[in-house]
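Under this note's numbering, the first residue of the sequence shown is numbered 137, with each subsequent residue one higher.
Have a look at the structure below before the remarks.
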Amino acid sequence: MPKGVAVGSLVIEEKVTSSGSGDVLLARQPGLGRRVLVRTLRRDCLGDPALVQRFRRAARMAARVTHSNVQQVFDLFAWQGDHYLVREYVEGESLRAWLDRLGSPPPEVARCLALELARGVEALHAAGIIHADLRAENVRVGHWGEVKLGALGSARTSAELDVPAAEPSACT
137 MPKGVAVGSL VIEEKVTSSG SGDVLLARQP GLGRRVLVRT LRRDCLGDPA
187 LVQRFRRAAR MAARVTHSNV QQVFDLFAWQ GDHYLVREYV EGESLRAWLD
237 RLGSPPPEVA RCLALELARG VEALHAAGII HADLRAENVR VGHWGEVKLG
287 ALGSARTSAE LDVPAAEPSA CT
């Protein structure tokens with residue numbers, strides 16, 4: 137999608153990446169003065185009802201969780217025949233890119249990363265969600281040190297996996 141194209145209230149800035157089912161775009165929400173990530177579903181995938189259902193289901197699951205260590209979902213909509221998922225933009229890089237660039241972190245930094253990831257996983261579990269694809273590529277490390285779980289496309293509910301939802305700990 138070309139730069140500057142309007143999609144609803146969004147203005148597309150650039151394509152970040154592509155996958156087999158769609159693109160991830162960086163966009164602006166001029167009315168709110170913020171940048172967001174937009175996940176699209178390719179038109180040729182719209183003929184697969186199961187894929188469309190998974191796309192919408194993952195967005196709804198992620199929207200149930202509001203936590204500082206989980207990438208927020210802001211919107212899910214269809215516009216001119218295309219499907220869009222709008223989520224929080226974390227300026228930074230994936231944990232994989234961060235580790236590749238800096239190497240193994242000192243123990244105190246590794247502990248902080250692990251704690252932030254554990255808090256995000258705990259928030260998901262408290263909502264009855266199992267991430268199911270937790271890896272460095274699906275974690276964002278922001279320029280200000282924030283650590284956020286994203287990519288809930290493979291997530292499952294604890295009911296689907298017959299796992300009881302976690303109780304929040306006293307340490308959150």
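For glycine and all other residues, C-beta sits at the position ideal for the given N, C-alpha and C.
Only residues of its own chain outside the window of five on either side were considered, and among them none has a CB closer than 7 Å to the CB of Trp280. Three or more Cβ pairs drawn from the region 172-179 and the region 212-225 lie within less than 8 Å of each other, which places the two stretches in contact.
Per the DSSP secondary-structure output, His219 pairs in a beta bridge with Leu177 and Ala214. Looking at the DSSP output, Thr293 shares a beta bridge with Ile265. Between Leu288 and Met197 the beta-carbon gap is near 6 Å, inside 8 Å, which marks them as a contact.
With contacts defined as CB atoms closer than 8 Å, Ala295 and Gly264 qualify as a contacting pair. For Ala163, the enclosing beta strand (DSSP E) covers residues Asp159 to Gln165.
DSSP places Arg192 within a helical segment (H, G or I) once states are collapsed to three. In the DSSP annotation of this structure, the continuous segment of the beta strand (DSSP E) that includes Arg276 starts and ends at Val275 to Gly278. In the displayed model, Ala142 falls within a strand according to three-state DSSP. Between the C-alpha atoms of Val143 and Asp211 there is a straight-line separation of about 13 Å. Here Cys181 is not near Ser154, since their CB atoms are 8 Å or more apart. Counting along the chain, the unbroken beta strand (DSSP E) around Leu285 starts and ends at Val283 to Leu285. At a Cβ-Cβ threshold of 8 Å, Leu285 and Leu253 count as neighbours. Going by DSSP, Glu229 is part of the beta strand (DSSP E) stretching over Gly228 to Ser230. For Arg200, the three-state secondary structure derived from DSSP is coil.
Just so you know, the alpha carbons of Gln207 and Ala163 end up roughly 16 Å apart. Arg171 sits in a strand when the DSSP states are folded into three classes.
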